[in-house]
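Step one of this worksheet: look at the structure below.
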Amino acid sequence: MIDPKFIKEDIEGIRKLLEKRGMTGVVDLDRLKTIDDERRSLIRKSDEAREKRNSLSREIGKMKSKGENADDLMKQVQVHADDIKQCADRLAELDAEFTDMHLSVPNFLDGSVPAGTSEADNPVVRTWGEKPAFAFTPKPHYDLGTDLDILDFERGVKLAGTRFYVYKGLAARMERAIINLMLDLHTKEHGYTEVFGPFIVNDDSMIGTGQFPKFKDEYYRIERDGLSLIPTAEVPLTNLYRDEILEGPLPIKITMQSACFRREAGAAGKDTRGLIRVHQFQKVELVKFADPATSFDELEKLTRDAEEVLQKLNLHYRVVLLCSADTSASSAKTYDIEVWMPGLDRYVEISSCSCFTDYQARRARIRFRREAGQKPELVHTLNGSGLAAGRTLAAVMENYQTADGEIAIPEALKRYME
RNA sequence: GGAGAGUUGUCCGAGUGGUCGAUGGAGGCGGUCUUGAAAACCGUUGUGCCGCAAGGCACCGGGGGUUCGAAUCCCUCACUCUCCGCCA
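According to the numbering used here, the first sequence is numbered sequentially starting from 514.
Quick look at the structure:
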C-alpha cells in the first residue's frame, strides 16, 4: 500500500498515476478522498469523547476511593460512552471501505519507467548472446521430452490433472542440477543467504506480500486450516521479517528454492502444452531488503544476478523494462528476463525482477533503524526469480538439442550431473 | 490427537477492576566521579494514529463482551511450553 498521506495531500498525483498505469476506474478516488476526510474527523471526534470519558472516570475513581457518591458523574459519562460507541461503529465501516480502496491503489512508478499501454511498449534494454543456429528444425521441448521419454504429460494428468507433468530420468536430474547451480551461484558468488521455509503459509503472509485479498482466485487454499500453497518463495522470504525492525546493515539478501503452486486462473488456452504454464513448478527466488536510498541500484544488481544464471548456461536472452501499463500493481519498476526458446521460436519470460519500494514493507510492517536510537523507517523490498527452474529446463532442452534428437549437457551443469 | 500451564515494553520480570504506558532489574544512550577503566550515583530509553501546534487517543498475543472505568473479569481464536500418544 502507498503512504496514506498521499491520499490526504495529493489525490491528483494518484489520479495521474492511475492514468499512467492504465488503471483509471480501478479506484474511485473522489470516494476515497471523501472517506479519508470523514475518517479523520471521526477519529478526532472519537478521541475527544474518549478524553472526556477518561478524565471523568478518573474523577469517579478518586471520589469512590474517598467514599463519596459519584452517581452524578457516572450519568454524565454515559453520554460520552454513547458517542464513542457511535463513532467506533461508523469508523469500522469506513475503515473497511477505506482499507479496501487503499489496497487497490497501485504503487508509484519510478521515473525511469516508460509510459505505455501494453507489453508491446516494453523496451528491450539489453540482449546477451545470440540465437543458436540449427541445421535442422528444432523441436519444442514438449515434443523433444516426450520423444526421449523424459517428460510425461499424460501421466501428470493422470496423477493430478491438466497442467501437471512428470519428469523422468534426465529431466528430473537436470532440473535438480539447474537448481543446485543457481543456489551455488547466488550464495557463493552473489552473497545471498540460503533459506528454506514453508511452502504453505497463513493469510497474514499472503496479505503481507499482496497476494491477498485481491487475487485470491489465483492460489490454492487449504480452507480447513486457513493456509495457502505459496505461488512463489517470495511469500515466505519477504514475510520472514514481517512485523520486525531489522538490525544490522542493509541490504539483507536471501534466496530460497521452492515449489510454486498457481491455479493459472484466466490463462485458459494460453501455453497449454509443455512446461511454460503449469500448476506446480520449482523456482529459486531472490529477495532483498534494502535501504530506500539505494534500492534501485539494488534492483540493477539483482537483475544481473539472475541474468548470470543464463550466461553460465550460455542461453541467449534479452532484458525488457516493463512499461507503465505492464508493471504489476505493487511494483515501482520491473525488468523481465526473457530467454530464447528455439523450439517455440519465441522469447519466454524466465524471471521478473522488481523493486517494490516501501509498498510491500508498509503492508508487512518491515522496518529498519538507520542508527541505534533513531525512528524506524520502512525498508524497500525487492525480489526476482533467479530463475524459474522448469522454464530453464525447457530452455536448456530446446537450445541444447542435437540433430539426432538428444540433449547435450551444458558445460556448467556437468559437475552437477556426474 | 488428549491433558495441563503460559503469552506484559529491547530482554528478564511485577501487576488480578481505578492517577498503569504500565513497579523493579538487565541492557542501550547521556552525564557526574576517575590519569583511564571498573564500580557507584543521576538522568534518559516503545510503537502507531489525529493535530499547524499545544496536546490528545490507542496498544499489556488477536477478536468480541461486561463496566462509569479493564493489563486485570467473561467468551472466543491463535501461538508457545510441559506430559502422554503418533511419527519421516
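Glycine residues also receive a C-beta, built at the ideal position from the N, C-alpha and C atoms.
Around the beta carbon of PRO749, 16 or more other beta carbons lie within 10 angstroms, which makes this residue buried. Minimum Cα-Cα distance from ALA772 among the listed residues LYS783, ILE758 and VAL791 corresponds to VAL791. DSSP places PRO764 in the coil class of the three-state scheme, outside both helix and strand. Taking 3 residues as the minimum length, the beta strand (DSSP E) runs contained wholly in the region 749-810 are 757-759, 765-774 and 793-803, in order along the chain.
In the displayed model, THR847 falls within a strand according to three-state DSSP.
Taking 4 residues as the shortest admissible run, the region 606-671 contains the following complete alpha helix (DSSP H) segments, listed from N- to C-terminal end: 654-660. The region 830-849 makes contact with the region 532-548; the number of CB pairs closer than 8 Å reaches 3 or more. Annotation for LEU740: the continuous beta strand (DSSP E) segment containing it runs 740-742. Two segments are said to touch when three or more pairs of C-beta atoms, one from each, lie closer than 8 Å; by this definition the region 787-801 does not touch the region 827-840.
Counting only runs that start and end inside the region 516-601, the alpha helix (DSSP H) elements of at least 4 residues fall at 518-522, 524-534 and 542-578. For ILE692, the three-state secondary structure derived from DSSP is helix. Per DSSP, ARG883 is not a residue of any alpha helix (DSSP H), being assigned neither H nor E. With fewer than 16 other CB atoms across the displayed protein chains lying within 10 angstroms of its CB, ARG571 is exposed. The continuous stretches of alpha helix (DSSP H) do not include ILE863, which lies in the beta strand (DSSP E) extending over residues 859-868. Listed as beta-bridge partners of VAL832 by DSSP are ARG639 and ILE850. Shown here, VAL892 sits in coil according to DSSP, grouped into three states, outside any helix or strand. Here the alpha carbon of GLY526 sits roughly 27 Å from the alpha carbon of GLU813. Assignment of TYR680 by DSSP, reduced to helix, strand and coil, places it in the strand class. Counted as a single uninterrupted DSSP element, the alpha helix (DSSP H) harbouring VAL909 occupies residues 902-912. When DSSP states are grouped into helix, strand and coil, THR706 belongs to the strand group. Per DSSP, reduced to three states, the secondary structure at SER841 is coil, with no helix or strand assignment.
With respect to ALA819, SER898 sits close: the two C-beta atoms are nearer than 8 Å.
The beta-carbon separation of MET514 and ARG875, rounded to 5 Å, stays under the 8 Å limit for a contact. Taking C-beta atoms under 8 Å as the contact rule, MET930 and MET695 fail to qualify, at a distance of about 14 Å. For ILE720, the secondary structure class from DSSP, reduced to helix, strand or coil, is helix. The C-alpha of LEU555 lies about 33 Å from the C-alpha of PRO805. Counting along the chain, ILE713 sits inside the beta strand (DSSP E) bounded by residues 713-715. About 27 Å separates the beta carbon of ASN912 from that of GLU747, a gap too long to meet the 8 Å contact definition. Counting only residues of its own chain and dropping the five nearest sequence neighbours on each side, ILE758 has a CB closer than 7 Å to the CB of ARG880, PHE881, ARG882 and PRO889. One thing to note: PHE802 has its Cβ no nearer than 8 Å to the Cβ of VAL708. Within the same chain, LEU698 come within 7 Å of GLU821 by CB-CB distance, once the 5 residues on both sides are set aside. Apart from sequence neighbours up to five positions away, the residues of its chain that approach ASP596 with a beta-carbon distance below 6 Å are ALA562, ordered along the chain.
With a threshold of 16 other beta carbon atoms within 10 Å, VAL637 falls short and is exposed.
With contacts defined by Cβ atoms closer than 8 Å, ASP660 and GLY903 do not form a contacting pair. Per DSSP, GLU931 lies in no alpha helix (DSSP H) and is assigned neither H nor E.
Cα atoms of LYS796 and ALA901: separation of roughly 4 Å, rounded to the nearest angstrom.
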